[in-house]
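Numbering (my numbering), first residue to last: 14 to 392. Written out below as C-alpha cells is the structure these notes cover.
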Ligand SMILES: NC(=O)c1ccc[n+]([C@@H]2O[C@H](COP(=O)([O-])OP(=O)(O)OC[C@H]3O[C@@H](n4cnc5c(N)ncnc54)[C@H](O)[C@@H]3O)[C@@H](O)[C@H]2O)c1
C-alpha cells in the first residue's frame, strides 16, 4: 500500500494558471499522491482532465459537498488527507471552512479569504480542528530566501533600519484601458477577487515576505492606490508606506500596470552593518552589501549556507532552483507536519500568515479610501 499522503485538489484544472505548479511541487519529494478532486465547475471537464493527467476518475467529484460526503464513506487509508484549494479567491473561505470542519488538512492559495472577518473565522475553525493549514506564499520556499531569513535572524545585518519591497507586473496593462476587456479576468471583479486586485494578489506576497524575513511586524501603513479609471473599482497599483516602529520604516510598491514588467518581485533589507537583496526573476543570487567591501553574491547549495537553506536545495551548486522547487519545499514542510515528523516552523506559511495578509489587504484599501491616512494593523 502506498505510504504517500493522499492529495485532492479543488480548482487547478487544465484551464488554470497555478494548477501545474502545485501538481509538480507535490510530486517533487515523492511525498504525495494526487488521487482526485474537483478541478473545475464542469464534471465532464474535471473527468477529462483527470484522464489527461492519468489519475483515474473514481475520486473526481461534481463539487466539494459531494467530495466530502463520498470521501467520508471510504476506508481511512483510501481517503484524501489533504486538499489544496486553487480556485478563484471568493471560494477559498467556504471551501477551507468545510474541509476543516470535516477533518481534512488544507493547503490554501493566497489571499486566504476575501475579508479579514472571514480569515478570523477560519483561524478559529482551524484552532478547533487541529488540522495542518498552509497558505502558499510561494516565494518563501526558495533556498536563497531561506538563507536571507537565517542571516537576518542571526544578526548578520545588525539592527534593521530600512525595508524596501517591490512587486511589479504589467499583465493588466493591455486589459485595463478597454472596459469591455476587463470582464475577461475575475481578478477585476470584487465579487470574485475581494476588495483589492493588486494589493490582494501580489502586494500580499511582499507583505508576507518582509515579515517572514525579518521577524518584525508591520504596525502601521499608509496606502496610495491607483484604479486608473473612475469606472474601475479595483486597485491595480499601489505605494504603501510601512512603519514597523518609530525608527524602522519601509515601503511596499506593487503594480500590475508597470508596462513590460513580468514578475519583478524584489526585496531589500538594510541593517546598520550590512544589506541583503534578492530578486525573484534571478532567485539563485543573494546579494550581500557591506560598506567599503566588494559586493558578495551567495548561491544555493554551498556549505556556507544555513542548514535550513541547504535542506531546500536538492542538487549541487550550479543547478538553478526555481519556482517549482520553492513550492516543492513548502509541500515537503506540510508533508512533514502531516506525518508528525520534525519540521522547521518556517518551512511553510500558516494560517497566521494568511490572517496577517488579510488584515494588511483590508487596511491598505481602508487607508486609501479614507484619504491616504495612517492605519494601525493591530485590531
Ligand atoms: N502563490 C502564487 O504565487 C499564486 C500565483 C497565481 C495564482 N495564485 C492564486 O491561486 C488561485 C487561482 O488562481 P489562478 O490564476 O490559477 O486562477 P485561474 O482562473 O487560472 O484558475 C482557476 C481554476 O479554478 C477552477 N474553478 C473555478 N470555480 C471552481 C469551483 N467552484 N470548483 C472547482 N474549481 C473551480 C477553474 O475552472 C480553474 O481551473 C487564486 O486564489 C490566486 O490568487 C497564487
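Cβ atoms here follow ideal geometry from the backbone N, Cα and C, with glycine treated the same way. Here the structure is a predicted model, which is why all the values come from computation and not from measurement.
Which residue or residues does DSSP assign as beta-bridge partners of residue i?
i           : result
residue 234 : 255 and 388
residue 283 : 175 and 288
residue 46  : 19
residue 309 : 301
residue 239 : 250
residue 261 : 258
residue 278 : 180
Which stretch, first to last residue, makes up the alpha helix (DSSP H) that contains residue i?
i           : result
residue 365 : 364-382
residue 22  : First-last for residue 22: 18-24, but that is the beta strand (DSSP E), not the alpha helix (DSSP H).
residue 220 : 217-227
residue 337 : 336-351
residue 186 : 186-189
residue 156 : 156-166
residue 133 : 129-142
residue 204 : 203-206
With DSSP run on the structure shown, which of helix, strand or coil describes residue i?
i           : result
residue 179 : strand
residue 37  : helix
residue 266 : strand
residue 315 : coil
residue 250 : strand
residue 52  : coil
residue 97  : strand
residue 105 : helix
residue 300 : strand
residue 66  : coil
residue 117 : coil
residue 71  : coil
residue 321 : helix
residue 355 : coil
residue 92  : coil
residue 77  : helix
residue 437 : Coverage of the chain is limited to positions 14 through 392, which leaves residue 437 absent and any answer about it impossible.
residue 273 : coil
residue 153 : helix
Cα separation between residue i and residue j?
i           : j           : result
residue 114 : residue 264 : 39 Å
residue 349 : residue 355 : 7 Å
residue 66  : residue 90  : 22 Å
residue 318 : residue 188 : 43 Å
residue 462 : residue 98  : The first residue shown for the chain is 14 and the last is 392, placing residue 462 beyond what the model contains.
residue 49  : residue 60  : 9 Å
residue 229 : residue 223 : 8 Å
residue 390 : residue 199 : 27 Å
residue 153 : residue 190 : 33 Å
residue 386 : residue 234 : 8 Å
residue 32  : residue 58  : 14 Å
residue 102 : residue 304 : 44 Å
residue 277 : residue 83  : 43 Å
residue 64  : residue 215 : 33 Å
residue 172 : residue 219 : 21 Å
residue 379 : residue 128 : 12 Å
residue 133 : residue 308 : 44 Å
residue 178 : residue 195 : 28 Å
residue 53  : residue 122 : 16 Å
residue 164 : residue 331 : 21 Å
residue 365 : residue 136 : 8 Å
residue 288 : residue 155 : 19 Å
Ligand 1 and residue i: does any heavy atom of the ligand fall closer than 8 Å to the residue's C-beta?
i           : result
residue 29  : yes
residue 199 : yes
residue 239 : no
residue 335 : no
residue 124 : yes
residue 101 : yes
residue 366 : no
residue 152 : yes
residue 149 : yes
residue 315 : no
residue 214 : yes
residue 65  : no
residue 77  : yes
residue 54  : yes
residue 118 : no
residue 104 : yes
residue 23  : yes
residue 219 : no
residue 32  : yes
residue 26  : yes
What are the boundary residues of the beta strand (DSSP E) that includes residue i?
i           : result
residue 146 : 146-148
Say yes only if the C-beta of residue i is nearer than 8 Å to one or more non-hydrogen atoms of ligand 2, and no if none qualify.
i          : result
residue 51 : Inclusion of ligand 2 in the displayed structure is not the case, the ligand content consisting of ligand 1 alone.
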